[in-house]
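Have a look at the structure below before the remarks.
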Amino acid sequence: MYDPRNGVDGEIRDIWVRGSKIVDPPTDPQVRAETTIDASGLVVMPGGIDMHCHIAGPKVNMARKMRPEEKRRDAPVPRTALTHSGTMGSVPSTFATGYKYAGLGYTTAFDAAIPPLDARHAHEEFADTPCIDKGFYVLMGNNHYVMQCIQQQQPDKLQVFVAWLLGAAKGFAPKLVNPGGVEAWKHHQGGNVKGLDEPVDFFDVTPRQIIREVAQAADQLNLPHPVHIHCNNLGMPGNWRTTLETMRSLEGRRGHLTHIQFHSYGGGETDENTFNSKVAELAEYVNNHPNITVDVGQVLFGETTSMTGDGPLGYYLQNVYGGKWFSGDTEMESGCGITPIRYRNKSLVHALQWAIGLEWYLMMEDPWRVVMSTDHPNGGSFLAYPQIVRLLMDRTYRQDVLKTCHPAVRKRSQLADLDRQYSLYEIAIITRAGPARILGLQDKGHLAPGADADITVYTPHEDKETMFALPRMVIKSGQVIVDQGEIRGAPQGKTLHVAPAYDDDAEGDIRQWFEKFYSIQFRNYPVDASYMHDPQRVACGDRRPW
Ligand SMILES: [Zn+2]
């Protein structure tokens, strides 16, 4: 058993399960279990947790429609007596998404970017995404009401709004995507903000203020997960300075910087050198600042679909790659951009992105604060997670892949010199225990009594990609749902959300604003409980350290 939260590193243990929970072993030695699973010789871990992916909502659905060529190419998921049919490609259909996560031993996933106006859509799709527990982050980094509160220097009003918005959307955490930049994009062709201190048109607030104030509101509300930040200037040479400034702008408050790989580039106008890795500089800062956590957003070679709440980024990528493109604005809330992308190992930029992602895993001293992600499907599909495990656990394999990459990668990153190999214990941290802790989920990511009985059993194998691609068995909420790669059960899975307390009197102002500007009425905006199929409210303020 590998259970890092409880310090269990490859020990032989029994796990007792009753209903959907792990429980203490019975005190009466006469008590026998109804069912016993003999896992001797196998590797047992908590179910995997993907804390940043795109699997539901309007943008994901649009991407499915945009990529019929992928869906024609990939074998469909056939219907069985237990399961629905589905389609694959880089953006699998809803049911297929649930089955494929389960097939990999993942039992929880969070969609990272839902416009609250479209929260209903996300919840409806979640109802059709079986086998996993799920939740989503609520886009608010370009929300007009948020920016207005900051402009008027009313942090209390902002805190009420953040609480109300999370509760109304039945979301899990506040998400900032290119704060301020998406709003600028809505006003000018190619519009964006370049730095943290560039004011946003009409609001006269800066990205730095948005980050600091929303982080503060999240802190004050004691949310289980802090502000989740997609920094400004994603993908741009020299953006590491913006990323470092973003970390500094938190001023000691908790913050999670997502797909940090895409934000760790040297070069451009502010650096003398050309496009290169700045992971060493950034990782040093994160290593020394325990308030900051990151997930990687690993790039893998091959074709995928880029989809982002970062409208100007979608436009930029479409200009680079010249493929089809979708851009959307969601009223006063957010935007989005979608375009196909192909990462090539012979491309210097792509190979560097691949190396930079791996550098993050290998240069973070504390594995509890770096989480495995591909920003599915942006850097690659979540189906590539077993390949990332192998890249981290097997340096010979890593060096072999590096040899196939553009040769200049060796000069512009330190990957060739990094000998570190992850252990199974560390893999269990970056895929289970760490994300559970960062998300504030007390019942997930571990195997002690009280935990959800989400358990993955692997057959040890020298090739770690093989080992992690095909778990021997997956147990979700106490039920065997995958056995030897076959789906044996497809429970709906819970929807995890927060409902922070706030002063009801303050709703009047939000209502007025709504009636003035929104396309729908205030009373119709909050997601009704009937949209939630198996909701689980995660308490605020319950941040027991572990
Ligand atoms: Zn993302």
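If you count the sequence shown from 1, position 73 lands on 73 in this note's numbering, and the numbers rise without skipping. Built from N, CA and C at the ideal position, the CB exists for glycine as well.
1) Determine which residues share a DSSP beta bridge with Asn276 and list them.
2) Go through its chain and collect everything with a Cβ distance to Thr258's Cβ below 8 Å, but skip five positions before and after it.
3) With burial defined as no fewer than 16 other Cβ atoms inside 10 Å of the residue's Cβ, what is the status of Glu426: buried or exposed?
4) For the segment 77-130, which segments carrying the beta strand (DSSP E) assignment without a break, of at least 3 residues, lie completely within its bounds, in sequence order?
5) So what's Trp185 in DSSP terms, helix, strand or just coil?
6) Taking only runs of the alpha helix (DSSP H) that begin and end inside the segment 470-521, which ones reach a length of at least 4 residues, in chain order?
7) Counting Cβ pairs closer than 8 Å, one from the segment 351-370 and one from the segment 247-265, do we hit at least three?
8) Any heavy atom of ligand 1 inside 6 Å of the beta-carbon of Ala549?
9) Beta strand (DSSP E) containing Ser423: first to last residue?
10) Please report the residue range of the beta strand (DSSP E) in which Glu245 lies.
11) So for Val60, helix, strand or coil by DSSP?
12) Relative to ligand 1, is the shortest distance from any of its heavy atoms to the C-beta of Asp375 smaller than 6 Å?
13) Could you tell me which uninterrupted beta strand (DSSP E) segments, each at least 3 residues in length, are contained entirely in the segment 409-469, listed from first to last along the chain?
14) Sorted by chain position, which residues of the same chain lie with C-beta nearer than 6 Å to Asn239's C-beta, five sequence neighbours on each side aside?
15) Does DSSP classify Cys53 as helix, strand or coil?
16) Count Cβ pairs between the segment 13-22 and the segment 463-478 that sit closer than 8 Å; are there 3 or more?
17) Please classify Trp546: is it buried, with 16 or more other beta-carbons within 10 angstroms of its beta-carbon, or exposed?
18) Using a Cβ-Cβ cut-off of 6 Å (strictly less than) and excluding sequence neighbours within five positions of Val23, which residues of its own chain qualify?
19) Just to confirm, does Ala112 get its C-beta within under 6 Å of one of the non-hydrogen atoms of ligand 1?
20) Under 7 Å, do Val474 and Gly105 count as touching if we go by C-beta distance?
21) Spatial neighbours of Cys405 within its chain, please: C-beta separation below 6 Å, excluding the five flanking residues on both sides.
22) Quick one: Cα of Asp547 to Cα of Ile388, how far?
23) Where does Trp546 fall in DSSP's three states?
24) Would you decide whether Gly314 is buried or exposed? Buried here means 16 or more other CB atoms lie within 10 Å of its CB.
25) Reducing DSSP to helix, strand and coil, say where Val31 ends up.
26) I believe Gly434 touches Pro367 by the beta-carbon criterion, under 8 Å. Please report the beta-carbon distance rounded to the nearest angstrom.
27) For Gly592, which residues from the same chain have a beta carbon less than 8 Å from its beta carbon, with the 5 sequence-adjacent residues on both sides left out?
28) Taking its Cβ as the centre, do 16 or more other Cβ atoms sit within 10 Å of Thr466, making it buried, or is it exposed?
29) Take Val200 as the anchor and find which of Ala416, Pro471, Thr107, Gln148 has the nearest alpha-carbon.
30) I'd like the list of long-range same chain contacts for Ala428, defined as Cβ closer than 6 Å, with 5 residues on each side in sequence excluded.
31) According to DSSP, simplified to helix, strand and coil, what is Met307?
32) Measuring CA to CA, which of Glu124, Arg398, Ala217, Tyr502 is closest to Val146?
33) Within 10 angstroms of its Cβ, does Ala215 collect 16 or more other Cβ (buried), or is it exposed?
34) Near Gln492, which residues of its chain fall below 8 Å by C-beta distance, leaving aside the five closest residues on each side in sequence?
35) State yes or no: is the C-beta of Tyr458 within less than 7 Å of the C-beta of Val8?
36) On the three-state DSSP scale, how would you describe Gln216?
Judging by the given coordinates:
1) On the sequence shown, residue 276 is found 276 positions in, with the first residue counted as 1. BP columns for Asn276 point to Gly266.
2) The sequence position of residue 258 within the sequence shown is 258, counting from 1. Here the set comprises His52, Ala112, His228, Ile229, His230, Val294, Asp295, Gly297, Ser373, Asp375.
3) Along the sequence shown, one-based indexing puts residue 426 at 426. Label assigned to Glu426: buried.
4) 106-114
5) Counted from its first residue, the sequence shown places residue 185 at position 185. Three-state DSSP puts Trp185 in a helix.
6) 507-517
7) yes
8) Residue 549 falls outside the range modelled here, since the chain spans only 1 to 546, and no answer is possible.
9) Locating residue 423 in the sequence shown gives position 423, counting from the first residue. It is not in any beta strand (DSSP E) - Ser423 carries neither H nor E in the DSSP assignment.
10) The count along the sequence shown starts at 1 and reaches residue 245 at position 245. For Glu245, there is no enclosing beta strand (DSSP E); the residue is part of the alpha helix (DSSP H) that begins and ends at 240-249.
11) Taking the sequence shown and counting its residues from 1, the one referred to as residue 60 is at position 60. Note: Val60 maps to helix in three-state DSSP.
12) One-based indexing of the sequence shown puts residue 375 at position 375. Yes; taking the cut-off as 6 Å, the Cβ of Asp375 has a heavy atom of ligand 1 nearer than that.
13) 455-458
14) The sequence position of residue 239 within the sequence shown is 239, counting from 1. Hits under 6 Å: Asn233, His263, Tyr265.
15) Along the sequence shown, one-based indexing puts residue 53 at 53. It is a strand residue.
16) yes
17) By 1-based counting over the sequence shown, the position of residue 546 is 546. The predicted position of Trp546 is uncertain, since its pLDDT is 47 and thus under 50; a value taken from the coordinates is nonetheless stated next. Burial call: exposed.
18) Numbered from its first residue, the sequence shown carries residue 23 at position 23. Excluding residues within five positions, the ones whose Cβ falls inside 6 Å are Trp16, Pro449.
19) In the sequence shown, the residue the question calls residue 112 occupies position 112. Yes.
20) Residue 474 sits at position 474 when you count from the first residue of the sequence shown. Residue 105 sits at position 105 when you count from the first residue of the sequence shown. Going by C-beta atoms, Val474 is nearer than 7 Å to Gly105.
21) As a position in the sequence shown, residue 405 is number 405, starting the count at 1. Within the same chain, Cys405 has close Cβ partners Asn345, Ala351.
22) Nothing can be reported for residue 547: it is not among the residues displayed for the chain, which extend from 1 to 546.
23) Sequence index remark: in the sequence shown, residue 546 carries index 546 (1-based). Residue placement at Trp546 is flagged as unreliable, the pLDDT there being 47, under the threshold of 50; the coordinate-derived value follows with that caveat. Trp546: coil per DSSP, three-state reduction.
24) Here residue 314 refers to the residue found at position 314 when the sequence shown is read from its first residue. Counting the other CB atoms within 10 Å of its CB gives Gly314 a total of 16 or more, which places it among the buried residues.
25) Counting from 1 along the sequence shown, the entry for residue 31 is found at position 31. DSSP places Val31 in coil when its eight states are reduced to three.
26) What you label residue 434 is simply residue 434 of the sequence shown in a count that begins at 1. What you label residue 367 is simply residue 367 of the sequence shown in a count that begins at 1. Their Cβ separation, rounded to whole angstroms, is 7 Å, which keeps Gly434 and Pro367 in contact under 8 Å.
27) The displayed coordinates of the chain run from 1 to 546. Any statement about residue 592 would go beyond what the structure contains.
28) Taking the sequence shown and counting its residues from 1, one reaches residue 466 at position 466. With fewer than 16 Cβ atoms within 10 Å of its Cβ, Thr466 is classed as exposed.
29) Mapped onto the sequence shown, residue 200 falls at position 200. With distances taken between Cα atoms, Val200 lies closest to Gln148.
30) Residue 428 sits at position 428 when you count from the first residue of the sequence shown. These residues qualify, in order along the chain: Tyr2, Pro4, Met45.
31) In the sequence shown, the residue the question calls residue 307 occupies position 307. The answer is strand: DSSP assigns Met307 an E or B state.
32) If you number the sequence shown from 1, residue 146 lands on position 146. That would be Ala217, whose Cα lies nearest to the Cα of Val146.
33) Here residue 215 refers to the residue found at position 215 when the sequence shown is read from its first residue. By the 10 Å Cβ count, Ala215 comes out buried.
34) Taking the sequence shown and counting its residues from 1, the one referred to as residue 492 is at position 492. These residues qualify, in order along the chain: Ala127, Pro130, His533, Asp534.
35) In the sequence shown, residue 458 corresponds to position 458, counting from 1. In the sequence shown, residue 8 corresponds to position 8, counting from 1. Contact: no.
36) Along the sequence shown, read from residue 1 onward, the residue named residue 216 stands at position 216. Three-state DSSP puts Gln216 in a helix.
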